[in-house]
Amino acid sequence: MASHARVRAPELTGKGGWLNTGGTPLTLADLRGRIVLLDFWTFCCVNCLHVLDELRELEEKHRDTVVIVGVHSPKFVHEAEHQAVVDAVERYGVHHPVLDDPELATWKQYAVRAWPTLVVIDPEGYVVAQHAGEGHAHAIEKLVEELEATHEERGTLRRGDGPYVPPEPVATDLRFPGKALALPGGNLLVSDSTRHALVELAPDGETVVRRVGTGERGLVDGGPGTARFSEPQGLALLPDGRVIVADTVNHALRAYDPETGQVTTVAGTGRQWWQGSPTSGAAREVDLSSPWDVAWFADRVWIAMAGVHQLWSYDPAAGTVRAEAGTTNEGLVDGPAAEAWFAQPSGLAASADGKRLWIADSETSAVRWIERVGGGADSGEGADRGEGPGSGFADDHPADFVVRTAVGTGLFDFGHRDGPAAQALLQHPLGVTALPDGSVAVSDTYNHALRRYDPATDEVSTLATDLREPSGAVLAEDGSGDIFVVESARHRLTRLRLPEEAVRVESVAHRTQRAATEVSAGKLTVDVVFQAPAGQKLDTRYGPSTRLLISSTPPELLAEGSGAGTDLRREVLLAEDATEGVLHVSAMAASCDDDPANEYPACHVHQQDWGVPVRVTADGTARLALVLAGLDEA
4 MASHARVRAP ELTGKGGWLN TGGTPLTLAD LRGRIVLLDF WTFCCVNCLH VLDELRELEE
64 KHRDTVVIVG VHSPKFVHEA EHQAVVDAVE RYGVHHPVLD DPELATWKQY AVRAWPTLVV
124 IDPEGYVVAQ HAGEGHAHAI EKLVEELEAT HEERGTLRRG DGPYVPPEPV ATDLRFPGKA
184 LALPGGNLLV SDSTRHALVE LAPDGETVVR RVGTGERGLV DGGPGTARFS EPQGLALLPD
244 GRVIVADTVN HALRAYDPET GQVTTVAGTG RQWWQGSPTS GAAREVDLSS PWDVAWFADR
304 VWIAMAGVHQ LWSYDPAAGT VRAEAGTTNE GLVDGPAAEA WFAQPSGLAA SADGKRLWIA
364 DSETSAVRWI ERVGGGADSG EGADRGEGPG SGFADDHPAD FVVRTAVGTG LFDFGHRDGP
424 AAQALLQHPL GVTALPDGSV AVSDTYNHAL RRYDPATDEV STLATDLREP SGAVLAEDGS
484 GDIFVVESAR HRLTRLRLPE EAVRVESVAH RTQRAATEVS AGKLTVDVVF QAPAGQKLDT
544 RYGPSTRLLI SSTPPELLAE GSGAGTDLRR EVLLAEDATE GVLHVSAMAA SCDDDPANEY
604 PACHVHQQDW GVPVRVTADG TARLALVLAG LDEA
């Protein structure tokens, strides 16, 4: 086994206490003799959710030697609420102990800079590896096997049951529902996300008419008692009466026929899309990544591809999918569709006139829209909130759509503020609903509110409060003008009468509580640390195996050094008058099995995006180290 730096793991502390342990607090001493994998996550982060799924197999295979501990480290104010963490642990099927760390105490002790970050601690209590981002499960498994062998031989490995204690199940008709859709006959269809099913309700929004799906996680087609989903979310009605379902964790689109109850897979392979994979082609042959919502717009189904910060589309007639907007870089940038940046788009709704597709861009706490060039938008609306290079679409892709922002300023500013859209604030909205008057209702999830944006006045108002994590809404079909709100964390649909006057709410503004990294003025070395896993090497068969993209908010923060390159270390130059801002760093590395005798070595992609708040100070660091995989020993 390769030698590793002997760094003693700091203790696990968090003001919120422990979940999934039966009320028993844990210490590293309690876990001595076990391999401990710390998963620093926050429940708003789709990359963190990907890692939860990546780790399920490892968790099952090595359950007698490995203890995974989730360290919940919030970005948004709502995520620091203990009950919200309790809900998230159940919602996403987290079956290991979780430390609720609302003040980021353990995050700071381990010098974590990104969600998600994984830290491996050996049975003697020493940190032996750190990984940021997705795609590391194979490397961690190899390390676990090495650690098992080494510490079995030393006599320092302790096998046995882990400290996980499952919570008691709760009986409800719905469990953390995601989205809702009005069916032509008046019934409502709801994605029952945590129970991996669809539920058809009567027009009252309460009476269960039919359940579709066995309730077990899986990707299986068939009738209501056979089909399986994995945390389904968005729903869209096709002109032929079928419903398209965003089957989020299966990375697939499914079609549900309300007449027959049959479910079929129409797009996706069941595998997650990675950089370099096709972005167009036959729908069943192209990988997708966490489709969160779907909507019928411009004669096809549009997909909020939360996992890669893009919008894609599915053409049922042609049986094809393609990327429509977004570069896969995370942020808020308007302009031509191919150059726009999104951040976990999670809600879609076509306007009543069919000219705009409204977008809930959750991680930037923004409401945005996309429309055809020349589609009636004032070219001055929705100023860019940053800049960045386009990723380049296929040559035959029509560059005929433009992206604009109505509300929102970027990744780190959020709150609850009404008034002119340029100053208004939301907090991680997951849903948008087009209203008949041309305005849009916003499910302002982490503010527990239903908000409204009116393009005619460019104003934001609050329609209702005291909701619990609303994630979508649908207008009642009975002509009453009422709206059903999906109260996800109350496990129900709530019927509301849209008020004629807005609710008055005290304005609150927040910034993420992550501390800024102090850097020195002038030259700054950005150093992404990547060490190929044991038995692997960088894959250089087809050219460079690494990629580094750097930009900043505001763009003027960097005088030199922004843009793309292949070296994971780069010297950038901060502007002379720079005081603070955010460095956006995106890194990717591809590694393959290092066995010359293997003609077809297994290869893996490691990738992560960092948004690092920085502040220029006299004694700040001249080197910004970001660990993609391994340990920073510089």
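Numbering (this note's numbering), first residue to last: 4 to 637. Heads up, the beta-carbon is just placed ideally off N, CA and C, and yes, glycines get one too. Please read all numbers here as calculations on a predicted model, not as lab measurements.
- What whole-angstrom Cβ distance do Ala473 and Gly434 have, given they're in contact under 8 Å? Note on identity: in this sequence residue 473 is Pro, with Ala being the wrong assignment. Sure, about 7 Å apart at Cβ, within 8 Å.
- What does DSSP give as the partner residues of Cys606 in its beta bridges? In the DSSP assignment, the residues bridged to Cys606 are Cys595.
- Residue from Trp299, Gly273, Ser196 whose Cα sits closest to the Cα of Ile247: Restricting attention to Trp299, Gly273, Ser196, the CA atom closest to the CA of Ile247 is found in Trp299.
- Item | Per-residue DSSP class, three states only, for Ser589 | Three-state result, Ser589: strand.
- Since Phe179 contacts His494 with CB under 8 Å, what's their CB separation in whole angstroms? About 7 Å; that satisfies the 8 Å criterion.
- Task: Please state whether DSSP places Asp403 in a helix, a strand or coil.
- Result: DSSP places Asp403 in the coil class of the three-state scheme, outside both helix and strand.
- Just list the beta strand (DSSP E) runs in the segment 229–284, keeping only unbroken ones of 3 residues or longer that don't cross its boundaries, in chain order. Counting only runs of 3+ residues, the beta strand (DSSP E) found wholly inside the segment 229–284 occupies 235–240, 246–250, 255–259, 266–270, in chain order.
- Message: One question on the structure: do Ser446 and Gly377 come within less than 8 Å of each other, judged by their Cβ atoms?
- Response: At a Cβ-Cβ threshold of 8 Å, Ser446 and Gly377 do not count as neighbours.
- Message: On the CB-based measure, 16 or more other CB atoms within 10 Å of its CB, does Glu288 come out buried or exposed?
- Response: So Glu288 ends up on the exposed side.
- Would you identify the three-state DSSP class for His75, choosing helix, strand or coil? The answer is strand: DSSP assigns His75 an E or B state.
- Contact between the segment 534–543 and the segment 591–605 (3+ Cβ pairs under 8 Å): Yes: at least three Cβ pairs fall under 8 Å.
- Pairing CB atoms from the segment 70–88 with CB atoms from the segment 102–116, are three or more of them under 8 Å? Touching, yes, given that three or more Cβ pairs across the two stretches are closer than 8 Å.
- Query: Looking at C-alpha atoms only, which residue of Gly221, Leu61, Glu374 is the closest neighbour of His139?
  - Reply: Nearest C-alpha to His139: Leu61.
- In chain order, what residues of the same chain have a beta carbon less than 8 Å from the beta carbon of Leu146, not counting five sequence neighbours either side? Within the same chain, Leu146 has close Cβ partners Val123, Val131, Ala132, Pro536, Ala537.
- Message: So for Gly310, helix, strand or coil by DSSP?
- Response: Helix, per DSSP.
- Message: Do Val588 and Leu629 have their beta-carbon atoms positioned less than 8 Å apart in this structure?
- Response: Contact: yes.
- Looking at Gly338 and Val405, is the spacing between their C-beta atoms short of 8 Å? Annotated as proximal: Val405 and Gly338, with beta-carbon spacing under 8 Å.
- Identify the continuous alpha helix (DSSP H) that holds Glu82 and give its terminal residues. Careful: Glu82 lies outside any alpha helix (DSSP H) and carries neither H nor E.
- Message: On the DSSP bridge list, what partners appear for Phe43?
- Response: Residue pairing for Phe43: DSSP places it in a beta bridge opposite Val74, Thr120.
- Query: When the Cα of Pro187 is compared with those of Val215, Pro126, Gly244, which residue comes out closest?
  - Reply: Taking only the C-alpha atoms, the option nearest Pro187 is Gly244.
- Verify whether the separation of the beta carbon atoms of Trp295 and Gln236 is less than 8 Å. A distance below 8 Å separates the beta carbons of Trp295 and Gln236.
- Message: With a threshold of 8 Å on Cβ separation, who are the neighbours of Gln534 within its own chain once the five nearest residues in sequence on each side are excluded?
- Response: The residues Ala632, Gly633, Leu634, in chain order, have a CB closer than 8 Å to that of Gln534 in the same chain once the five nearest residues on each side in sequence are set aside.
- If we count Cβ pairs, one from each stretch, closer than 8 Å, do we get three or more for the segment 323–339 versus the segment 403–420? Here the segment 323–339 makes contact with the segment 403–420; the two share three or more CB pairs at distances below 8 Å.
- Query: If you run the structure through DSSP and keep just helix, strand and coil, what is Leu576?
  - Reply: DSSP places Leu576 in the strand class (E or B) of the three-state scheme.
- Message: If you measure between the beta carbons of Pro227 and Gly264, is that distance less than 8 Å?
- Response: Going by beta carbons, Pro227 and Gly264 fall inside the 8 Å limit.
- Message: Considering only their Cβ atoms, is the gap separating Tyr167 from Pro100 smaller than 8 Å?
- Response: Against a cut-off of 8 Å, the Cβ pair of Tyr167 and Pro100 comes out as a contact.
- Item | Within 8 Å, strictly: CB atoms of Gln610 and Ala117 | Taking C-beta atoms as the reference points, Gln610 and Ala117 fail to come closer than 8 Å.
- Message: Assuming Gly486 and Thr436 are in contact, meaning their beta carbons sit under 8 Å apart, how far apart are those beta carbons, in whole angstroms?
- Response: Note that residue 486 is Ile in the sequence shown here, rather than Gly. For Ile486 against Thr436, the beta-carbon gap comes to about 7 Å, under 8 Å, which counts as contact.
- Sheet register partners of Gln611 (DSSP bridge): According to DSSP, which records beta bridges pairwise, Gln611 is partnered with Ala590.
- Message: Please report the straight-line C-alpha distance between Gly566 and Ala114, rounded to a whole angstrom.
- Response: Going from the Cα of Gly566 to the Cα of Ala114 covers about 26 Å.
- Message: Can you look up Leu560 in the DSSP assignment and give me helix, strand or coil?
- Response: In this structure, DSSP gives Leu560 a helical state, which the three-state scheme calls helix.
- For Lys64, the first and last residue of its enclosing alpha helix (DSSP H): Counting along the chain, the unbroken alpha helix (DSSP H) around Lys64 starts and ends at 49–64.
- Task: Would you mind stating whether Ile659 and His154 have Cβ atoms separated by less than 8 Å?
- Result: Outside the modelled stretch of the chain, which goes from 4 to 637, sits residue 659, for which no answer is possible.
- Task: Name the residue from Gly482, Arg59, Tyr95, Gln112 whose alpha carbon lies nearest to the alpha carbon of Ser196.
- Result: For Ser196, the closest of Gly482, Arg59, Tyr95, Gln112 by C-alpha to C-alpha distance is Tyr95.
- Message: Which of the three DSSP states is assigned to Glu149 in this structure?
- Response: DSSP places Glu149 in helix when its eight states are reduced to three.
- Query: Out of curiosity, what's the CA-to-CA distance linking Pro3 and Val80?
  - Reply: Nothing can be reported for residue 3: it is not among the residues displayed for the chain, which extend from 4 to 637.
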